[in-house]
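Position one of the sequence shown corresponds to residue 5 (our numbering), numbered consecutively onward. Beta carbons: idealized from backbone N, C-alpha and C, even for Gly. Report on one structure; see the data block that follows.
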Amino acid sequence: MGFEPDDLVKMLSGRALLLCHHNADPDSVCSAYAFKELAEALSPAVHADIVLPGGASGLSRRVME
């Protein structure tokens with residue numbers, strides 16, 4: 005049983021909120037960004053927002069600059 009891109013399109017409709025963990029490290033931030041880009045590329049009707057409720061780690065802030 006595999007997961008196909010079409011399965012993602014079916015799950016997402018309209019808006020999506022991607023949450024990272026507290027003190028989000030670069031892996032967390034970049035994974036959320038990659039998922040956002042993939043979801044929006046697969047379906048133009050999708051709009052995803054990334055939220056870092058506990059903020060980004062110091063390293064993540066430097067990477068995002």
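Coarse secondary structure for D53, derived from DSSP in three states:
In the displayed model, D53 falls within a strand according to three-state DSSP.
Alpha carbon to alpha carbon, how far is R66 from K40? Give it in angstroms, no decimals.
Their Cα atoms are separated by approximately 20 Å.
Less than 9 Å between the C-beta atoms of V33 and A60, yes or no?
Yes, Cβ-Cβ distance for V33 and A60 is below 9 Å.
Distance, Cα to Cα, S64 vs K14?
Taking the straight line joining both Cα atoms gives about 31 Å.
Is V50 closer than 9 Å to L16 when the C-beta atoms are compared?
In this structure, V50 lies closer than 9 Å to L16 by Cβ.
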